[in-house]
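J.:
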Amino acid sequence: MSIINNINKVFDHRIRLGIMSILMVNEYADFNTLKELLGTTDGNLASHTKALEAAEYIKVEKQFIGRKPNTRYSTTTLGKAEFKKHIEALEKLINKQ
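Position 44, counted from 1, in the sequence shown is what UniProt numbering calls 44; the numbers after and before it change by one each time, with no gaps.
1) Give every residue of the same chain whose Cβ lies closer than 6 Å to the Cβ of LYS68, excluding the five residues on either side of it in the sequence, and list them in chain order.
2) Excluding the five sequence neighbours on either side, which residues of its own chain have a C-beta within less than 8 Å of the C-beta of GLU61, listed in chain order?
3) List the whole-angstrom C-beta distance separating THR40 from ILE15, where the pair is believed to meet the contact cut-off of C-beta under 8 Å.
4) In this structure, does DSSP put GLU27 in helix, strand or coil?
5) Is SER2 helix, strand or coil by DSSP?
6) Which residues in the same chain as LEU23 place their Cβ atom closer than 8 Å to its Cβ, once the five residues preceding and following it in sequence are excluded?
7) Determine whether the beta carbon atoms of HIS86 and HIS48 lie at a separation below 8 Å.
8) Just to confirm, is the Cβ distance from LEU52 to PHE31 under 8 Å?
9) Helix, strand or coil: which one does DSSP assign to ARG72?
10) Let me know the secondary structure DSSP gives GLU61 once reduced to three states.
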């Protein structure tokens, strides 16, 4: 078995890695919070959240707070499991002598 087998292509991009890292330690995060923390543009963040949603790694919840639309994201059970496997694979790769 190759040491890179469990490295997940979906998490290759640093923005997706950042989104998942934030969501793994928070119950949820809204669009503006992710945008601020990651220092990315609206379009860039939207495309990466769509990719994670398409893989069923995150759940998207749209709501209104007062009159303002609010989009928030959380990890799915599958997303948590796959991200943990990805991080473990990276750790094994880094620690490989």
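Note that CB positions come from ideal geometry on N, CA and C, so glycine has one too.
Owing to the predicted nature of the structure, the values given are computational and were not obtained by experimental measurement.
T.: The answer reads as follows:
1) none
2) TYR28, THR71, ARG72, TYR73, SER74
3) 6 Å
4) coil
5) coil
6) ALA29, ILE58, TYR73, SER74, THR75, GLY79
7) no
8) no
9) strand
10) strand
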